[in-house]
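In the numbering used here, the protein residues as written are 1 to 122. A virtual CB, placed ideally from N, CA and C, is assigned to each residue, including glycine.
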């Protein structure tokens with residue numbers, strides 16, 4: 001089962017959903033882990049630290065989302081300007097998204113509905 005940790009794209013969000021220490025734990029549990037290149041920059045974690053923990057580091061976030069069984073994020077999915085797509089639209093159908101969501105915020109209603117259609121959000 002593939003766990004993917006993308007770089008957060010919400011403006012001013014510096015956190016990352018997993019550290020090298022947690023990556024090691026996921027791998028010890030039998031998961032495969034991929035981290036988007038530069039995901040840890042905001043908290044001073046290098047790509048090499050993720051590689052040393054056993055993760056692969058990849059640059060193509062769209063491909064990562066499409067292949068992921070589980071996507072770990074800190075904040076809600078956002079529109080990815082570089083890809084011209086919303087992160088929800090990059091998710092593989094029936095994947096699992098683990099993140100903070102704010103479903104009561106009117107600006108998030110459509111995104112929540114789209115998440116429900118594409119993921120295991122129930």
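8 Å Cβ cutoff met for residue 69 and residue 95: The residue labelled residue 69 in the question sits at position 69 within the chain shown. The residue labelled residue 95 in the question sits at position 95 within the chain shown. It is a contact, given that the beta carbons lie within the stated cut-off.
Quick check: what's the CA-CA separation for residue 101 versus residue 112? In the chain shown, residue 101 corresponds to position 101, counting from 1. In the chain shown, residue 112 corresponds to position 112, counting from 1. Cα-Cα distance, rounded: 8 Å.
Alpha helix (DSSP H) runs wholly inside the segment 26-94, at least 4 long, in chain order: 47-53, 61-67 and 87-90
Just checking, does the segment 77-96 make contact with the segment 18-36 on the three C-beta pairs under 8 Å criterion? no
What span of residues does the alpha helix (DSSP H) with residue 112 cover, start to end? As a first step, residue 112 must be located in the chain shown, where it is residue number 112. First-last of the alpha helix (DSSP H) with residue 112: 109-118.
Who are residue 4's beta bridge partners in DSSP? Residue 4 sits at position 4 when you count from the first residue of the chain shown. Per DSSP, 34 and 71.
Compare the beta carbon distance of residue 40 and residue 46 with 8 Å and say whether it is the shorter of the two. As a first step, residue 40 is located in the chain shown; it is residue number 40 there, counting from the start. As a first step, residue 46 is located in the chain shown; it is residue number 46 there, counting from the start. The answer is yes: Cβ separation under 8 Å.
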